[in-house]
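A short worksheet on the structure shown next.
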Amino acid sequence: MIQKKICLLGASGVGKTSLVKQYVEGIFSDKYLTTIGVKIDKKVVELAVEKVQLMIWDLEGIDRYCGFQAKYLRGASAYVIITDQTRSQSLVEGMEIQRMVREVSDIPAILIINKSDLEVAWHWTESELNGYSKEFVNTFNTSAKTGDQVEDVFKFLAQLCLK
Amino acid sequence: MSDLDKTTPNAPGNAEMQRLRSLILGENNSQVTSTVKDNAREIVGEVVIEALHDRQKRGDGLDNVLVPIVEKSVQKSVSNHSEQFVGYLYPLVGRLVRKSVTAFLSEFLEKTNELIENSFTLKGIAWRFKAWQAGISFSQYVASQTFVFRAEQVFLIHKETGILLNSVQRSNDDGTDADLVSGMLTAINDFVADSFTQSQQNGEQNLEVIKTEDFSLVIKRGPQLLLVAAFTGNIPQDISTKFQVTNEYIHKLYAKEITEFSGDTVLFESTSQQLDECLLAELRPEAQQESKKRPIWALLFVFIVVGVLGYWIFLGIEQNRLLKQFSQIGNEPGIIVNQAQISGWRDVAFSILRDPEAIAVDEWIRSQNLDAQLILVKEKGYLSLEPSLIKARLNRTLARYPEVSVKWQENSPILSGLVSNAQRQMLARDLYGIPGLQNASAMINPIEVQELDTVDEDNPEVLRALFEINAAKIDSTQIEFEQGQSEIGQQAKLQLSNLAGYLKTSIELSKKLELNVGLIIMGASDSSGSSGSSGSKQFNQSLSLKRATAAKQFLVEQGIDPEYLNAIGLGVVELQTTGSGARKVIFNIINFKAE
Numbered sequence: 191m192i193q194k195k196i197c198l199l200g201a202s203g204v205g206k207t208s209l210v211k212q213y214v215e216g217i218f219s220d221k222y223l224t225t226i227g228v229k230i231d232k233k234v235v236e237l238a239v240e241k242v243q244l245m246i247w248d249l250e251g252i253d254r255y256c257g258f259q260a261k262y263l264r265g266a267s268a269y270v271i272i273t274d275q276t277r278s279q280s281l282v283e284g285m286e287i288q289r290m291v292r293e294v295s296d297i298p299a300i301l302i303i304n305k306s307d308l309e310v311a312w313h314w315t316e317s318e319l320n321g322y323s324k325e326f327v328n329t330f331n332t333s334a335k336t337g338d339q340v341e342d343v344f345k346f347l348a349q350l351c352l353k
Numbered sequence: 000m001s002d003l004d005k006t007t008p009n010a011p012g013n014a015e016m017q018r019l020r021s022l023i024l025g026e027n028n029s030q031v032t033s034t035v036k037d038n039a040r041e042i043v044g045e046v047v048i049e050a051l052h053d054r055q056k057r058g059d060g061l062d063n064v065l066v067p068i069v070e071k072s073v074q075k076s077v078s079n080h081s082e083q084f085v086g087y088l089y090p091l092v093g094r095l096v097r098k099s100v101t102a103f104l105s106e107f108l109e110k111t112n113e114l115i116e117n118s119f120t121l122k123g124i125a126w127r128f129k130a131w132q133a134g135i136s137f138s139q140y141v142a143s144q145t146f147v148f149r150a151e152q153v154f155l156i157h158k159e160t161g162i163l164l165n166s167v168q169r170s171n172d173d174g175t176d177a178d179l180v181s182g183m184l185t186a187i188n189d190f191v192a193d194s195f196t197q198s199q200q201n202g203e204q205n206l207e208v209i210k211t212e213d214f215s216l217v218i219k220r221g222p223q224l225l226l227v228a229a230f231t232g233n234i235p236q237d238i239s240t241k242f243q244v245t246n247e248y249i250h251k252l253y254a255k256e257i258t259e260f261s262g263d264t265v266l267f268e269s270t271s272q273q274l275d276e277c278l279l280a281e282l283r284p285e286a287q288q289e290s291k292k293r294p295i296w297a298l299l300f301v302f303i304v305v306g307v308l309g310y311w312i313f314l315g316i317e318q319n320r321l322l323k324q325f326s327q328i329g330n331e332p333g334i335i336v337n338q339a340q341i342s343g344w345r346d347v348a349f350s351i352l353r354d355p356e357a358i359a360v361d362e363w364i365r366s367q368n369l370d371a372q373l374i375l376v377k378e379k380g381y382l383s384l385e386p387s388l389i390k391a392r393l394n395r396t397l398a399r400y401p402e403v404s405v406k407w408q409e410n411s412p413i414l415s416g417l418v419s420n421a422q423r424q425m426l427a428r429d430l431y432g433i434p435g436l437q438n439a440s441a442m443i444n445p446i447e448v449q450e451l452d453t454v455d456e457d458n459p460e461v462l463r464a465l466f467e468i469n470a471a472k473i474d475s476t477q478i479e480f481e482q483g484q485s486e487i488g489q490q491a492k493l494q495l496s497n498l499a500g501y502l503k504t505s506i507e508l509s510k511k512l513e514l515n516v517g518l519i520i521m522g523a524s525d526s527s528g529s530s531g532s533s534g535s536k537q538f539n540q541s542l543s544l545k546r547a548t549a550a551k552q553f554l555v556e557q558g559i560d561p562e563y564l565n566a567i568g569l570g571v572v573e574l575q576t577t578g579s580g581a582r583k584v585i586f587n588i589i590n591f592k593a594e
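Chains X and P supply the protein sequences, listed in that same order.
According to my numbering, the first sequence holds residues 191 to 353 in order.
According to my numbering, the second sequence holds residues 0 to 594 in order.
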């Protein structure tokens with residue numbers, strides 16, 4: 191079976207972990223979380239052609255002050271920047287992370303705007319739209335609470351990894 | 000040639016060239032092709048193997064052509080020459096089967112041994128308790144007690160992505176998810192490398208060993224791969240070198256797959272062989288000694304089972320043999336086996352019928368050397384008509400008659416001897432009394448009666464005794480008459496002739512004893528005979544006399560001198576107790592010393 195490593199990144203509180211919980215059954219030892227700042231889960235995605243096992247590295251605690259463990263990105267086939275549509279600050283932080291990642295890696299990225307079940311607090315400006323959307327292969331509006339579009343994200347990721 | 004075709008059409012002198020070519024090569028190159036055809040076999044034969052080899056090397060579909068041909072050939076061969084194929088395959092298959100059976104048996108023995116050793120021995124129970132106390136699984140505890148160290152699981156991890164390429168483990172019951180362990184291990188290593196790097200000059204810091212109280216992870220780092228082994232116990236130094244060598248070997252062997260790695264782990268499945276070699280273990284010295292003892296518990300178990308079974312079968316056989324042996328007692332005369340059955344573990348129970356004359360059961364058991372304690376006998380008496388028992392009874396009877404001797408002619412006894420008349424009669428009675436003895440009367444015949452004259456004449460005591468016996472016989476004689484009659488009946492005549500014999504003997508004896516003897520014949524009647532009351536007494540008086548006189552007359556006819564006889568009539572004998580029984584003549588011999 192093909193195995194692919196992907197990374198989830200994003201500011202605190204955007205719901206990365208919830209997103210994975212929604213997607214993956216069973217949670218692998220949360221206690222590692224605080225120690226080394228990463229939580230790993232796996233999920234098999236069944237595509238039309240073949241099965242892909244995604245190793246999902248959920249990188250915690252990234253913000254503009256502490257940066258992130260660049261090494262965790264090593265070997266990843268793709269990564270995901272997650273933002274929160276109820277807090278515009280999360281977008282700013284997400285873009286900051288995107289900048290940091292781009293310094294060390296050029297693997298494909300997708301953008302997730304989470305909490306689609308809640309009220310929208312910000313919108314892309316025209317220039318933002320032109321600037322950022324180029325950086326991402328695709329953008330999804332998801333809800334970890336309702337599960338909306340979550341499956342689609344990981345299916346898309348699996349296909350992306352195989353390319 | 001084809002190049003020539005393409006280039007020539009535009010060249011000058013085309014027509015001449017065409018003619019020249021057709022002259023040399025013939026129409027449609029027929030001259031060339033026919034020449035090649037002639038030698039085709041030779042030419043192809045020269046290069047066929049090399050050609051096949053080259054095509055195979057190029058790898059473009061030679062297999063696809065050859066495989067169906069080979070398959071068809073084999074199929075045809077098997078269906079047409081199955082006998083030969085069986086012949087080719089037989090030695091191979093036989094060896095395979097033997098090998099697999101041997102492997103199965105030895106594995107079974109070992110497993111049984113392990114099970115018994117771990118379950119039933121004191122040590123096993125103690126270990127279970129301690130494992131429970133320590134809160135770890137029993138197998139883990141056993142491993143920690145038995146091994147100096149033991150590799151439980153070995154991972155091969157792609158260094159860059161942290162993806163698990165392959166893993167092997169000792170037992171399947173471990174619940175850890177190797178994929179996640181692998182990822183976390185990589186993450187931890189990254190974390191450590193990042194957190195503890197002192198300066199750029201020193202390069203990256205990497206984890207080599209992660210150790211807990213009784214568990215160690217040994218990490219061997221290659222350029223692209225991590226070889227990680229999880230150990231229980233204390234790992235020795237040289238293990239690290241061994242892992243290094245294995246890791247390098249895998250790198251070399253899978254160099255292409257590693258560089259082109261795109262997440263497909265199937266390519267690395269065959270590394271299991273190398274990883275298995277890393278599942279190292281070393282037994283503790285004491286455990287080593289134990290394991291050298293071979294599967295002693297299993298063997299013991301098997302021995303006990305076989306032993307018990309054997310003993311049980313032995314007992315059964317012994318019991319049946321005893322049953323058969325004792326049943327032979329039925330062949331003894333006078334013993335019949337009614338019922339025979341096995342009873343309990345070792346005993347046999349019998350119910351038999353036994354004639355008192357037959358051999359005693361205890362005695363028979365002793366004579367056969369059987370164990371009396373194992374034989375329960377219920378005995379009932381009966382009379383047997385077996386010839387040998389009749390013989391025994393006869394012998395016992397004859398033992399009371401020392402004068403009688405017996406000779407046997409084919410089971411029929413022939414008696415002989417000389418006895419007194421009385422003894423002869425007693426003997427006859429005894430013989431008739433023996434059950435199953437036939438022809439008793441014929442047997443008694445040859446026995447002679449001792450005549451009186453053979454008695455010692457000079458012994459007056461003997462003579463006197465004989466006289467007394469005769470007198471007693473005479474005195475005890477009574478003859479009976481019909482009512483009112485004085486005719487002597489048939490029965491009475493027999494009695495009287497016997498009496499005459501006794502009297503004669505008595506008279507002879509009395510002469511020798513110098514005695515005077517006389518016989519008083521007393522007739523009697525009862526009162527019932529008379530019809531008239533006036534003359535009844537007189538009638539009875541004369542009737543009784545008539546009866547006595549008739550008896551006297553009969554004795555005279557038997558040759559007795561009337562001088563010795565005195566007939567008297569007693570008249571009516573009136574006794575309450577006699578009733579009508581008084582119609583008889585009674586006798587009394589009297590004797591006195593002669594003057």
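No residue lacks a Cβ here, since even glycine has one placed at the ideal position from N, Cα and C.
On a predicted model such as this, the values are computed, not experimentally measured, just so you know.
Any beta-carbon of chain P closer than 8 Å to the one on residue i?
i: residue 241(X); result: no
i: residue 228(X); result: yes
i: residue 259(X); result: yes
i: residue 287(X); result: no
When the Cα atoms are used, what is the spatial distance from residue i to residue j?
i: residue 16(P); j: residue 254(P); result: 59 Å
i: residue 216(X); j: residue 235(X); result: Residue placement at residue 216(X) cannot be trusted, given a pLDDT of 43 that sits under 50; what the coordinates show is reported in the next sentence. Each residue's alpha carbon lies about 16 Å from the other.
i: residue 535(P); j: residue 543(P); result: 12 Å
i: residue 192(X); j: residue 121(P); result: 50 Å
i: residue 317(P); j: residue 367(P); result: 15 Å
i: residue 34(P); j: residue 62(P); result: 32 Å
i: residue 127(P); j: residue 267(P); result: 39 Å
i: residue 103(P); j: residue 68(P); result: 39 Å
i: residue 466(P); j: residue 356(P); result: 41 Å
i: residue 458(P); j: residue 334(P); result: 53 Å
i: residue 111(P); j: residue 276(P); result: 26 Å
i: residue 350(X); j: residue 303(X); result: 19 Å
i: residue 224(P); j: residue 199(X); result: 26 Å
i: residue 315(P); j: residue 388(P); result: 36 Å
i: residue 158(P); j: residue 239(P); result: 18 Å
Using a C-beta to C-beta distance shorter than 7 Å, which residues of chain P count as neighbours of residue i?
i: residue 262(X); result: 186, 189
i: residue 195(X); result: 160, 161, 162
So is residue i buried or exposed if we call it buried at 16+ other beta carbons inside 10 Å?
i: residue 359(P); result: exposed
i: residue 245(P); result: buried
i: residue 313(X); result: exposed
i: residue 341(X); result: exposed
i: residue 242(X); result: buried
i: residue 411(P); result: exposed
i: residue 194(P); result: exposed
i: residue 151(P); result: buried
i: residue 274(P); result: buried
Show which residues of chain X have a CB atom less than 7 Å away from the CB atom of residue i.
i: residue 280(P); result: The contacting residues do not exist; residue 280(P) stays about 28 Å from chain X at best.
i: residue 221(P); result: Per Cβ cutoff of 7 Å: no residues; residue 221(P) is ~15 Å from chain X at best.
Using the beta-carbon of each residue, which ones in chain P are nearer than 9 Å to residue i?
i: residue 265(X); result: 157, 158, 159, 160, 161, 162, 185
So that I know if they touch, is there some Cβ in chain X lying closer than 8 Å to that of residue i?
i: residue 609(P); result: Given a span of 0 to 594 for chain P in the structure shown, any question on residue 609(P) remains unanswerable.
i: residue 25(P); result: no
i: residue 232(P); result: no
i: residue 603(P); result: Residue coverage of chain P in this structure runs from 0 to 594, which leaves residue 603(P) outside it and unanswerable.
i: residue 134(P); result: no
i: residue 182(P); result: yes
Check the Cβ of residue i against every Cβ in chain X and list those closer than 8 Å, keeping chain order.
i: residue 265(P); result: 191
Which residues in chain X have a C-beta closer than 9 Å to the C-beta of residue i? List them in chain order.
i: residue 262(P); result: 191, 192, 193, 194, 195, 242, 243, 267, 351, 352
Minimum length 4: unbroken alpha helix (DSSP H) runs contained in the segment 439 to 498 of chain P
Within the segment 439 to 498 of chain P, the runs of alpha helix (DSSP H) that reach at least 4 residues and sit entirely inside it are, in chain order, 439 to 443, 459 to 474.
Contained beta strand (DSSP E) runs [length at least 3] in the segment 268 to 323 of chain X, N- to C-terminal order
Counting only runs of 3 or more, we get 268 to 274, 299 to 304.
Secondary structure, alpha helix (DSSP H): runs of 4+ residues fully inside the segment 98 to 140 of chain P
The segment 98 to 140 of chain P contains these whole alpha helix (DSSP H) runs: 121 to 133.
Where are the beta strand (DSSP E) runs, 3 residues long or more, that stay fully inside the segment 334 to 379 of chain P, in chain order?
If we require 3 residues or more, the beta strand (DSSP E) runs fully inside the segment 334 to 379 of chain P come out as 334 to 342, 346 to 353.
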